[in-house]
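Structure first, then comments.
Protein chains: 2
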Amino acid sequence: MSSFRIERKAAGSEGRLGLLTTAHGQIHTPAFVAVATRGTVRAADPRDLLAVGVQALIGNTYHLVLRPGAEMVGEQGGLHRFSGWSGPWMTDSGGYQVFSLGAGKEHGVGKVASVFPGDKNPRPQGKSLVRLSEQGAVFRSVLDGSWVTFTPESVIRAQRLLGADIVLPLDECTSPWHSREYTAQACERTHRWAERALAAWNEDGRCLPQSDQTLYGIVQGGAYEDLRRRSARFIADLGFPGVAVGGSLGRSKEEMFQVLRWVSEELPHNVPRHLLGIGSLEDIVEAVRRGIDTFDCAAPTRMARNGTLLSLGERSGRLSIRSARFRNDRGPVDPSCDCPVCAEHSRAFLHHLLRAGELTYYRLATLHNLRTMVRFMEHIRALLAEGRSPDRKELLPT
Amino acid sequence: MSSFRIERKAAGSEGRLGLLTTAHGQIHTPAFVAVATRGTVRAADPRDLLAVGVQALIGNTYHLVLRPGAEMVGEQGGLHRFSGWSGPWMTDSGGYQVFSLGAGKEHGVGKVASVFPGDKNPRPQGKSLVRLSEQGAVFRSVLDGSWVTFTPESVIRAQRLLGADIVLPLDECTSPWHSREYTAQACERTHRWAERALAAWNEDGRCLPQSDQTLYGIVQGGAYEDLRRRSARFIADLGFPGVAVGGSLGRSKEEMFQVLRWVSEELPHNVPRHLLGIGSLEDIVEAVRRGIDTFDCAAPTRMARNGTLLSLGERSGRLSIRSARFRNDRGPVDPSCDCPVCAEHSRAFLHHLLRAGELTYYRLATLHNLRTMVRFMEHIRALLAEGRSPDRKELLPT
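Chains as they are written, first to last, in my numbering: chain F, 39 to 436; chain C, 39 to 436.
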């Protein structure tokens, strides 16, 4: 089982420098966990990830169960052996897919409604592919349209086979457009599922080989103060050695930061906290100030593939490498960056590769963006190591 | 200008061990030159190529002129600086596109007609996108449909700007279905274009910075003995310091090997010979025996992307990693291979990545296939270093 030590607390915020020790290595926190949905970070390989300083990966139980299958990964010796990434692994439970393939489609939103600025109402984007009941979630497979059942117990079994160091129970991730009443019901159900997951965990815990795994709890409750506070206390009382914050984070950044404050105030200090699916640089700074230790987010790698490269030297924090203004630009993506891409390639070359549709582009862009996330977390840890709170104005270009 | 030294000749064949020295490094021959059409080997980067032992790359003037443009690459300091590959570069002239976008489409064939086994006649696959005249070739751009003119002189100018170490004059690559009469006319035109290229080369050679470049000649003549012999003598007499064998190589492997023997008999021994676009393991062995020093071929990297992995341990020399039989296979792609992919990843993982459409797959597969080509050339050179001729039965699984 993993352990967590707080090495230094910041003055003036809940920020803390920590060390999370898992069976497959240590994670210096606050840390960014790279998203490897189907067992690999898209376009990168384990050697690449080590080279840019990635400390841990998060895979997705829903996607891995559909393909190649949890049993198959288990037969191959688990995710570490199968994927070649022998450092710390996390696996998400499938709870996010309850949302993204369900209400997220029906409501046309992300975890924070304001990802579509100006939206005041839901804008349906499709039909739900999920049926929820007390028993669990039934999904329509994105691969072949068949129905697949996930229960709190089956998700624990699957994650035992996948063998990640940190695993999560099945939860219901709600939408920012769900009513207070629905959010409260979903939250209560998530709590009952957490109890069932824990029961399955303790039952299985002694008989299966992967006894080095740690089960985190997930706090839900949307952007409602009483629900979030109650959920945080409930999950903490169940004694999970780590806690993830999931579900709707409201309709604005302000609501998200409030949610984190409420949760932080209810949780025991010595428990590591993971924020699911959030990862813009600005959000990370604010979340660290509210006591979050680890983050995962697909955006930095997805943005890379779409042509958006992070640059701590740019005003906006990013540049669109497809833009004609980079056609003849001999400079590196980010002059302050120490990644192999910035050391050896120009903006003009990356612009050319993306325009030409060359596969080489996707990996180089991914490595640069990941390195930028890693460097950003290093900056934050350096401040915390001095007892200082990370500050948006100090860390981000203005 | 590059220089070539024959270090050892084989007994019993025309095979030779050589050392080709360019302004950007040495190439131990016989060597496989990796195809980097638009300035990059698809899915790989320069560090990858060094890691698997690739010695040289070949880019394509036609594609690079269309995008990003020869002037632009020139402004960036040439292909070496622009691409980050600082070892030897070659550039093909666009002559292959005269064929592949022209008669190749009309006749529905590759350079060896038998790539479509059993074909006895042309099978048209589309309309030619090329208009040929004594002046040069006019192409319809694959990017925007506009017409682009290539002349022997413009192709030299473009390659001066691209700055490859070894460059090729514009030629007309004929189809195996062209008549003897047409092939003879095209061959004569190629000779006149070679003279014009050489005139442009010597005129420009003193005034542009890239004086370290070498212009090879190209031998044409299809699969007709008298035409091939005459073309080889003509090109040799023009004093090119290197010679490439281009165009139709007939309608069978046997015809191809005969063509190589005719050409080899006519060429001076001390001139390095490049075989354009050929690169199956079997063909390479036979071509080395007929005095070929360097090869380029897109097949090993294209096959990788399509799921065909080379394996010197397999009977067929390859395996289709998409096949269900590899779903649970924990072994490496090729137990005899020393590449990073075989060291760290299983067939099951690569199977999963390809099935899941993960970008990571394409690079790993590419690196493995390139490493296999490099190892194969190393085996051939090891035999030649002992004065032995490479032998198909000894080198290839049966």
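The beta carbon of each residue, even a glycine, is placed where N, CA and C say it ideally should be.
For the options C:P214, C:E233, C:H216 and C:M411, the alpha carbon positioned closest to that of L208 of chain C is the one of C:E233. Comparing alpha-carbon positions, the option among F:C225, F:E241, F:D264 and F:L236 lying closest to V257 of chain F turns out to be F:C225. The beta carbon of T398 of chain C sits closer than 7 angstroms to some beta carbon of chain F. Between the C-alpha atoms of A49 of chain C and E432 of chain C there is a straight-line separation of about 16 angstroms.
Linking L287 of chain F to R299 of chain F through their CA atoms gives a straight-line distance of about 12 angstroms. Per DSSP, the unbroken alpha helix (DSSP H) holding G112 of chain F starts and ends at A108 to E113.
What E113 of chain C touches in chain F, judged by beta-carbon distance under 8 angstroms, is N366, going in chain order.
F:V301 is the residue among F:V301, F:K291 and F:R76 whose C-alpha sits nearest the C-alpha of V283 of chain F.
The contact set of G63 of chain F on chain C, defined by CB atoms closer than 7 angstroms, is empty, because the minimum CB distance reaches about 17 angstroms. Below the 9 angstroms Cβ cutoff, chain C contributes R365, N366, A386 and H390 as neighbours of M110 of chain F, in chain order.
For chain C, the residues of the stretch 119-142 of chain F that bring a beta carbon within less than 8 angstroms of one of its beta carbons are F120, S121 and G122, in chain order. At a cut-off of 7 angstroms between C-beta atoms, A235 of chain F does not count as an interface residue with respect to chain C.
With contacts defined as CB atoms closer than 7 angstroms, V326 of chain F and P428 of chain F qualify as a contacting pair.
Contact check for E191 of chain F against A238 of chain F passes: the beta carbons are separated by less than 7 angstroms. Between I65 of chain F and A89 of chain F, the C-beta gap is not smaller than 7 angstroms, which leaves the two residues out of contact. For R105 of chain F, the three-state secondary structure derived from DSSP is coil. Rounded to whole angstroms, the gap between the alpha carbons of G125 of chain C and L405 of chain C is 18 angstroms. Taking 7 angstroms as the CB threshold, E382 of chain F lines the interface with chain C. CA-to-CA, the gap between I96 of chain F and T398 of chain C works out to about 16 angstroms. A distance of 7 angstroms or more separates the beta carbons of R80 of chain C and H101 of chain C.
Note that the C-beta distance between M341 of chain C and A69 of chain C is not below 7 angstroms.
In this structure, L117 of chain C lies near G201 of chain C, with their beta-carbon atoms less than 7 angstroms apart. Assignment of H66 of chain F by DSSP, reduced to helix, strand and coil, places it in the strand class. By the beta-carbon neighbour count (other beta carbons within 10 angstroms, threshold 16), R413 of chain C is buried.
Each residue's CA atom was taken as its position, placing V180 of chain F and S358 of chain C some 25 angstroms apart.
In this model, T332 of chain C and G174 of chain C are separated by some 27 angstroms (Cα to Cα). Taking 8 angstroms as the Cβ-Cβ cut-off, the stretch 77-93 of chain F approaches chain C at G77, T78, V79, R80, A81, A82, D83, P84 and R85, given in chain order. The beta-bridge partner set that DSSP reports for A72 of chain C consists of C:L95. Around L348 of chain F, the same chain offers R356, N407 and T410 as residues with beta carbons nearer than 6 angstroms, after the five sequence neighbours per side are excluded. In the DSSP secondary-structure assignment, D130 of chain C is bridged to C:N98. Interface criterion met: the Cβ of A394 of chain F is under 7 angstroms from a Cβ in chain C. Burial check for P214 of chain C: the Cβ neighbour count within 10 Å reaches 16 or more, so the residue is buried. Around the beta carbon of R198 of chain F, 16 or more other beta carbons sit within 10 angstroms, so the residue counts as buried. Listed in chain order, the alpha helix (DSSP H) runs fully inside the stretch 246-303 of chain F are 263-275, counting runs of at least 4 residues. Proximity of chain F to L402 of chain C at the Cβ level (cut-off 9 angstroms) is accounted for by D83, in chain order.
Secondary structure at G201 of chain F: coil, using DSSP grouped into helix, strand and coil.
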